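Contents: one structure, followed by commentary.
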Amino acid sequence: MIAQFRPEEFLAYYNNFAAPIAAFDCGSKCSPYNERGVPFCCDTRHSVPTAYQAEWQYLQENTDLWHIWESGDLIETSRLRAETPADMILIECQGHQKCQRDFRSMTCRAFPFFPYISSEDEFLGLSYYWEYEERCWVINNLDVVTSEYREEFVRTYDELFATESNERNNFAYHAEIMRKKFDEFERQIPLIHRDGNTYLIDPNNERMQIVSPQGLPKFGPYEIAAMLPFPDEE
64 MIAQFRPEEF LAYYNNFAAP IAAFDCGSKC SPYNERGVPF CCDTRHSVPT
114 AYQAEWQYLQ ENTDLWHIWE SGDLIETSRL RAETPADMIL IECQGHQKCQ
164 RDFRSMTCRA FPFFPYISSE DEFLGLSYYW EYEERCWVIN NLDVVTSEYR
214 EEFVRTYDEL FATESNERNN FAYHAEIMRK KFDEFERQIP LIHRDGNTYL
264 IDPNNERMQI VSPQGLPKFG PYEIAAMLPF PDEE
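The sequence shown begins at 64 in my numbering and counts up by one.
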C-alpha cells in the first residue's frame, strides 16, 4: 500500500517538526571523523536521504535545495533503489553548507532516529538506526537530545500514523528486525521513551529498564575518544 500524502501536508509537518536535535551543531562533533570533513548524515556516501513522492513534489515547488540522487556505482544504485519503498525516492541536497533548514526532508529531521513500535503495536518513542553507531555522534551521546526535539518527533509521528497506517507498519517491521539483530548481538535496545526517560529494552521479552543515557556504551572512534584524558575534546 502506497502512502496517500498530499504535497501541501508537508508544510504542516515541517513547521511542527523543526526543533534541532541538540542545543548545538552536532555535525561539528562527527565531521572530524569523516575523511571528507562532512557530517556523516549529510554525506551520501554514508546515508542517502529519502522523500515521499508527495514530499518530493512539495520540495520541488518550494526550493532548489534538492535533486534526485545519482551514483556512479550502478550496483550500489540498483541495491539502494530496490530497498527504497515504492512511495519514496532517493534524494540529495546541495551540501550541508547550503542547508535550508526549513526545507530539510522528513528523514533528515528524524535521523538518526526512527519511531520504535513494540510487538504489541505501541509507539514507545525513539530508537536509532544501529548501522550508524560508529559514525553518528548523537547515537553515542543520547543525553544531548532535547526534550523539545523528542516531543516534536513523537507528536509528528503520532499524527502521521493516524492517517497513514502503512507507515506505522513499515516502522513496526523495522523494529522487529532490530529486535532480531540485537538478540543476535546479545545486546539491549536503547530507547528514548515518550516520557522523556531513557530505557534499555530486552529484545526477547521487551522488558524495559530505565538507565542513564550518559552510561550507555560508545562505539568506534567515540569509544576511543571517551577514554582520553580530556574526553570533552572528542
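Note that beta-carbon positions come from the ideal geometry of N, C-alpha and C, so glycine has one too. All values reported here derive from a predicted model rather than from experimental measurement.
Quick check: the Cα distance between residue i and residue j, rounded to an integer number of angstroms?
i: Met290; j: Cys199; result: 18 Å
i: Glu249; j: Cys171; result: 30 Å
i: Asp136; j: Ser181; result: 37 Å
i: Arg257; j: Tyr220; result: 12 Å
i: Glu98; j: Trp129; result: 24 Å
i: Pro112; j: Pro175; result: 11 Å
i: Met64; j: Glu227; result: Residue confidence is low: Met64 scores 46 on pLDDT, short of 50, so the model does not pin down where it sits. Its coordinate-derived value is still stated next. In a straight line, the C-alpha of Met64 is about 10 Å away from that of Glu227.
i: Gly100; j: Ser94; result: 5 Å
i: Ser275; j: Ser190; result: 15 Å
i: Glu211; j: Lys243; result: 31 Å
i: Ala149; j: Gln67; result: 12 Å
i: Pro284; j: Asn203; result: 10 Å
i: Val217; j: Ala85; result: 16 Å
i: Glu297; j: Ala81; result: Interpretation of Glu297 is limited by its pLDDT of 47, a score under 50 that renders its predicted location unreliable; the figure taken from the coordinates is listed afterwards. Answer to the nearest angstrom: the Cα atoms are 27 Å apart.
i: His159; j: Cys105; result: 6 Å
i: Gln277; j: Met271; result: 17 Å
i: Gly90; j: Arg69; result: 31 Å
i: Leu279; j: Glu239; result: 22 Å
Rounded C-beta distance between residue i and residue j? I'm assuming under 8 Å.
i: Glu155; j: Thr107; result: 5 Å
i: Phe177; j: Tyr195; result: Phe177 to Tyr195, Cβ: 11 Å. No contact.
i: Met151; j: Tyr76; result: Between Tyr76 and Met151 the Cβ distance is about 15 Å, and since that is not below 8 Å, they are no contact.
i: Phe73; j: Tyr121; result: 4 Å
i: Phe245; j: Pro266; result: 4 Å
Specify, as a first and last residue, the run of the beta strand (DSSP E) that residue i falls within.
i: Val274; result: 271 to 274
i: Pro178; result: 176 to 180
Under DSSP, the alpha helix (DSSP H) around residue i begins and ends at which residues?
i: Trp352; result: The shown model of the chain, from 64 to 297, leaves out residue 352, and the question about it has no answer.
i: Lys239; result: The amino acid at residue 239 is misidentified as Lys; the sequence shows Glu. 228 to 248 is the extent of the alpha helix (DSSP H) around Glu239.
i: Gly90; result: 90 to 93
i: Arg142; result: 137 to 146
i: Asn79; result: 72 to 79
i: Ala289; result: 283 to 289
Going along the chain, which residues of its own chain have a beta-carbon closer than 6 Å to the beta-carbon of residue i, five neighbours each way excluded?
i: Ile273; result: Asn260, Tyr262
i: Ser141; result: none
In terms of DSSP beta bridges, what is residue i paired with?
i: Met169; result: BP columns for Met169 are empty, so no partner.
i: His256; result: Gly188
i: Thr261; result: Ile255, Val274
i: Trp129; result: Cys156
i: Met151; result: Tyr115
Enumerate in chain order the residues of its own chain whose CB-to-CB distance from residue i is below 7 Å, with the five nearest sequence positions on each side excluded.
i: Leu223; result: Glu230
i: Leu187; result: Tyr179, Ser181, Leu254, His256, Arg257
i: Asn32; result: The chain is shown only over 64 to 297; residue 32 falls outside these bounds and no answer can be derived.
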